[in-house]
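>
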Amino acid sequence: MSTEGDYDCIVIGAGVQGSFTAYQLAKKKQRTLLLEQFVLPHTRGSSHGQTRIIRKAYDQDYYTVMMEECYRLWAQLEEEASVKLVRQTGLLVMGPENSSQYQAVKNTLQKNRVPMVILPPEEFSKHIPNVNLSEGDGALVDTTAGVLFADRALRAVQGQFLKLGGIIKDGQKVSDIKPGALVTVMASGGVYRAKNLVLTAGSWTNGMLSYIGLQLPLKVLKINVCYWKEKVPGSYNVQQRFPAFLQVECPEGKHHIYGLPSNEYPGLMKVCYHAGSETHPDMRDRQSDRSDIDILKRYLTRCFPGLDPEPAVVESCMYTVTPDEDFVLDCHPIHNNIVIGAGFSGHGFKFGPLIGKLLCELSLGEVPSYDLSPFRIRRFPEHLKPSL
Ligand SMILES: Cc1cc2nc3c(=O)[nH]c(=O)nc-3n(C[C@H](O)[C@H](O)[C@H](O)COP(=O)(O)OP(=O)(O)OC[C@H]3O[C@@H](n4cnc5c(N)ncnc54)[C@H](O)[C@@H]3O)c2cc1C
Ligand SMILES: O=C(O)[C@@H]1CCCC=N1
249 MSTEGDYDCI VIGAGVQGSF TAYQLAKKKQ RTLLLEQFVL PHTRGSSHGQ TRIIRKAYDQ
309 DYYTVMMEEC YRLWAQLEEE ASVKLVRQTG LLVMGPENSS QYQAVKNTLQ KNRVPMVILP
369 PEEFSKHIPN VNLSEGDGAL VDTTAGVLFA DRALRAVQGQ FLKLGGIIKD GQKVSDIKPG
429 ALVTVMASGG VYRAKNLVLT AGSWTNGMLS YIGLQLPLKV LKINVCYWKE KVPGSYNVQQ
489 RFPAFLQVEC PEGKHHIYGL PSNEYPGLMK VCYHAGSETH PDMRDRQSDR SDIDILKRYL
549 TRCFPGLDPE PAVVESCMYT VTPDEDFVLD CHPIHNNIVI GAGFSGHGFK FGPLIGKLLC
609 ELSLGEVPSY DLSPFRIRRF PEHLKPSL
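What follows is the structure, encoded as structure tokens:
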């Protein structure tokens, strides 16, 4: 086994967050090593697949504010890598007009002057054919929103990182971490040392943290990624300018339902439930719960009559969820040259470029560009005591 050293920073995990962090560090002339357990590209974490939603429609102000810069950073990467990563389709948000969540999204958009259109129920079907708006639901469109081409984005950012002189070593499972002024990382293909470490290990985060005396309240959920056949091909597709959508509350289930216009599989629209059953990241194929699919079937039968209510394709992905669904962006409470980015709770892809910038700032000891108090580890005080 070789012993290598002399990196400024090692980033563990080449999903969207680790890849953007490594890229930002390399931009700041840091000699950076990005380690990934699987051979790239892979589909075993949370960042695979062709599409994700990008939106400013959030119920918390701080996410909407952060998205301003995210759009600029996505555009910058598009330019640098000469590749199209964002397609503006708009995001249709539906939910009970009087519910706190629907109102919070509407207020946040209004307060931050995000371009949007409110669709009164009597005008809804003129603008959005093939969707039944539920009785009592409000509807609005965040017109800034759209689709992010996710796997293309991952390729682009990793490509830019390499161009900046960064090193990616894939097929390298990290099996131990020794903190210190120089952090030592034991991986399947070697031992590496660096002044700083960034942990962006997605659903494996607590496994990594067990080496450095910390556990976070993270739940790993298996998400069934369902694609539904259009009865009339094209009715919900991106060429027809059908928007992405988010149903914030509905009688069929407690959690959001969201969808993207048909794109990756012609004639199939992706619609998912924003929840799943708990799993271990290495055992996700053994988790066979499909109760979320039953919820989706009932919802689509009622609200999307142009879709066959039986999924044509079911793939899988994982969420790593914190109790409040806010991210974790912080330094280790004792070893401040170890930075942690985790708990992206099923909504982190769109923030990737900014997460990379923030984790880079934390790693370099700079003042972060945003108030990170919603994302600090100390909001989980009970998790700090036992293992430290
Ligand atoms: C079905 C689904 C739909 C989603 N939709 C949206 C959306 O519409 N919009 C949005 O913004 N977000 C969305 N998300 C969320 C978003 O995709 C995630 O927040 C994001 O991909 C998380 O990235 P990550 O880098 O933290 O994790 P990952 O992509 O899982 O990356 C972590 C990496 O660490 C590696 N790793 C772990 N342990 C080790 C080890 N021991 N050694 C070396 N490497 C290791 C893993 O192999 C993995 O590659 C969705 C997620 C899912 C699952
Ligand atoms: O982040 C997103 O936009 C999607 C849709 C809402 C739930 C989670 N992911």
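So in the working numbering, spot 387 of the sequence shown is number 635, and the numbers just go up one at a time.
Just so it is clear, CB atoms sit at the ideal spot from N, CA and C, and this is done for glycine as well.
1) Can you tell which of 486, 261, 338, 554 has the C-alpha that lies nearest to the C-alpha of residue 479?
2) Could you round the C-beta distance between residue 565 and residue 294 to whole angstroms and report it? I think they count as a contact, below 8 Å.
3) So if I measure from each beta-carbon to every heavy atom of ligand 2 and keep distances below 6 Å, which residues remain?
4) Between which residues of its own chain and residue 425 is the CB-CB distance below 6 Å, once the five residues before and five after are set aside?
5) For the alpha helix (DSSP H) that residue 641 lies in, which residues bound it at each end?
6) Helix or strand or just coil, what does DSSP make of residue 582?
7) Can you check DSSP and say which residues form a bridge with residue 452?
8) With burial defined as no fewer than 16 other Cβ atoms inside 10 Å of the residue's Cβ, what is the status of residue 311: buried or exposed?
9) For the beta strand (DSSP E) holding residue 487, just list the boundary residues, first then last.
10) Looking only at C-alpha atoms, which of 392, 603, 612 sits nearest to residue 303?
11) What residue range does the alpha helix (DSSP H) around residue 335 cover?
12) For residue 601, does the count of other Cβ atoms within 10 angstroms reach 16, so buried, or fall short, so exposed?
13) Assign residue 609 to buried or exposed, taking buried as 16 or more other Cβ atoms, counted over all protein chains shown, within 10 Å of its Cβ.
14) Between residue 285 and residue 420, which are expected to be in contact by the criterion C-beta below 8 Å, what is the C-beta distance as a whole number of angstroms?
15) Please report the residue range of the alpha helix (DSSP H) in which residue 353 lies.
16) Mapping the DSSP letters down to three states, classify residue 390 as helix, strand or coil.
17) Can you give me the Cβ contacts of residue 575 inside the same chain, cut-off strictly under 6 Å, excluding the 5 residues immediately before and after it?
18) Can you tell which of 397, 324, 309 has the C-alpha that lies nearest to the C-alpha of residue 359?
19) Can you round the beta-carbon distance between residue 338 and residue 491 to whole angstroms, since I take them to be within the 8 Å contact cut?
20) Ordered along the chain, which non-local residues of its own chain (more than five positions away) have a Cβ less than 6 Å from that of residue 562?
21) Can you tell me the Cβ-Cβ gap for residue 666 and residue 400, rounded? I've got them flagged as a contact below 8 Å.
22) In three-state DSSP terms, what is residue 598?
23) If you follow the alpha helix (DSSP H) that residue 326 is part of, which residue opens it and which one closes it?
24) Give me the Cα-Cα distance between residue 630 and residue 584, rounded to the nearest whole angstrom.
25) What are the complete alpha helix (DSSP H) segments, minimum 4 residues, inside the stretch 419-482?
26) Considering only residues of the same chain and omitting the five flanking positions on each side of residue 599, which have a CB-CB separation below 7 Å?
27) Who does residue 300 pair with in a DSSP beta bridge?
28) For residue 255, which three-state DSSP category applies?
29) Take residue 323 and list the residues in its own chain whose beta-carbon comes closer than 8 Å to its own, dropping the five residues that flank it on each side.
30) Work out the CA separation of residue 279 and residue 397 for me, nearest whole Å.
31) Taking residue 540 and residue 524 to be in contact with their CB atoms under 8 Å, please state how far apart those CB atoms are, rounded to whole angstroms.
32) On the three-state DSSP scale, how would you describe residue 634?
33) Where does residue 567 sit, in a helix, a strand or coil, going by DSSP?
34) Taking 9 Å as the threshold (C-beta atoms), are residue 526 and residue 469 in contact?
35) Around the C-beta of residue 626, are 16 or more other C-beta atoms found within 10 angstroms, so that it is buried, or is it exposed?
36) How is the beta strand (DSSP E) around residue 263 delimited, first residue to last?
With the given structure in hand:
1) Looking at the Cα atoms, 554 is the closest of the given residues.
2) The C-beta separation of residue 565 from residue 294 comes to about 6 Å, placing the pair in contact by the 8 Å criterion.
3) Residues with their Cβ less than 6 Å from any non-hydrogen atom of ligand 2, running along the chain, are 301, 303, 494, 504, 506, 522, 594, 595.
4) Hits under 6 Å: 433, 459, 460.
5) Residue coverage of the chain in this structure runs from 249 to 636, which leaves residue 641 outside it and unanswerable.
6) DSSP places residue 582 in the coil class of the three-state scheme, outside both helix and strand.
7) Looking at the DSSP output, residue 452 sits in no beta bridge, so it has no partner there.
8) Classification for residue 311: buried.
9) Judged by DSSP secondary structure, residue 487 falls outside any beta strand (DSSP E); it is assigned neither H nor E.
10) That would be 392, whose Cα lies nearest to the Cα of residue 303.
11) No alpha helix (DSSP H) holds residue 335; the beta strand (DSSP E) holding it covers 334-336.
12) Residue 601 is buried by the Cβ-count criterion.
13) Classification for residue 609: buried.
14) Right, the Cβ-Cβ distance comes to about 7 Å (below 8 Å), so this counts as a contact.
15) It spans 348-359 - the alpha helix (DSSP H) in which residue 353 sits, taken as one unbroken run.
16) Strand at residue 390.
17) Answer for residue 575: 591, 592, 623, listed in chain order.
18) Answer by Cα proximity: 309.
19) Contact between residue 338 and residue 491 is confirmed by a C-beta separation of about 4 Å, below the 8 Å threshold.
20) Counting only Cβ-Cβ distances below 6 Å, and skipping sequence neighbours, we find 472, 474.
21) No answer is possible for residue 666: it lies beyond the span of the chain, which begins at 249 and ends at 636.
22) It is helical.
23) Segment 309-329, the alpha helix (DSSP H) holding residue 326.
24) Taking the straight line from one Cα to the other gives about 20 Å.
25) Runs found: 453-457.
26) Closer than 7 Å at Cβ, skipping near neighbours: 314, 318.
27) For residue 300, the beta-bridge partners assigned by DSSP are 396.
28) When secondary structure is reduced to three states using DSSP, residue 255 falls in the strand class.
29) Hits under 8 Å: 334.
30) Going by C-alpha positions, residue 397 is about 28 Å away from residue 279.
31) Indeed, because the Cβ distance is near 6 Å, the residues count as touching under 8 Å.
32) Any reading at residue 634 must be qualified, since the residue scores a pLDDT of 44, below 50, and its modelled position is unreliable; the value itself is stated next. In the structure shown, residue 634 sits in coil (DSSP, three-state: anything other than H, G, I, E or B).
33) Of the three classes helix, strand and coil, the one that applies to residue 567 here is strand, per DSSP.
34) Closer than 9 Å, so yes.
35) Exposed, since its Cβ has fewer than 16 Cβ neighbours within 10 Å.
36) Premise fails: residue 263 is in no beta strand (DSSP E) and is neither H nor E.
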